[in-house]
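In my numbering, the protein residues as written are 2 to 99. Here a beta-carbon is modelled for each residue, glycine too, at the ideal position from N, C-alpha and C. Since the structure is predicted, the reported quantities are computational estimates derived from the model, not experimental observations. Encoded as structure tokens, the structure appears first; notes follow it.
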């Protein structure tokens, strides 16, 4: 399993947040500044992770993250920051950060 966290460390809310991963996706309607959303998923198949979200006056934002492989385990954190692209941190169980 991958333990995922979406964290808003910016100064404005982010909305319509969706994280796509191989064979599925999850999301949250809104993250206010300082909020986090936690989710666990199993990776079935191989492929890249992609994030879409909106902010006040900035709709349809996109960011690409790490490639996941079937059977991967670990933690994935995506941190929204003020005036910067989201920061991705993937730590494969038994491995290094990506």
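Return the CA-CA distance between residue i and residue j, expressed in angstroms with no decimal places.
i: residue 59; j: residue 39; result: 24 Å
i: residue 11; j: residue 72; result: 32 Å
i: residue 56; j: residue 31; result: 10 Å
So what's residue i in DSSP terms, helix, strand or just coil?
i: residue 67; result: strand
i: residue 10; result: coil
i: residue 19; result: strand
i: residue 74; result: coil
i: residue 61; result: strand
i: residue 95; result: coil
i: residue 118; result: Beyond the ends of the chain as shown, which are 2 and 99, falls residue 118; an answer cannot be given.
i: residue 45; result: coil
Starting from residue i, trace the beta strand (DSSP E) in both directions and tell me its first and last residue.
i: residue 51; result: 48 to 56
i: residue 83; result: Note, residue 83: premise wrong, no beta strand (DSSP E); not H, not E.
i: residue 37; result: 37 to 42
Among the options, which one has its Cα closest to the Cα of residue i?
i: residue 68; options: 19, 34, 89 and 8; result: 89
i: residue 26; options: 42, 16 and 15; result: 42
i: residue 22; options: 83, 77 and 33; result: 77
i: residue 94; options: 6, 63 and 74; result: 74
Which whole-angstrom value describes the C-beta separation of residue i and residue j, a residue pair presumed to lie in contact below a C-beta threshold of 8 Å?
i: residue 48; j: residue 9; result: The pair is not a contact, with the Cβ atoms about 25 Å apart (cut-off 8 Å).
i: residue 61; j: residue 50; result: Wrong, their Cβ atoms sit about 18 Å apart, outside the cutoff.
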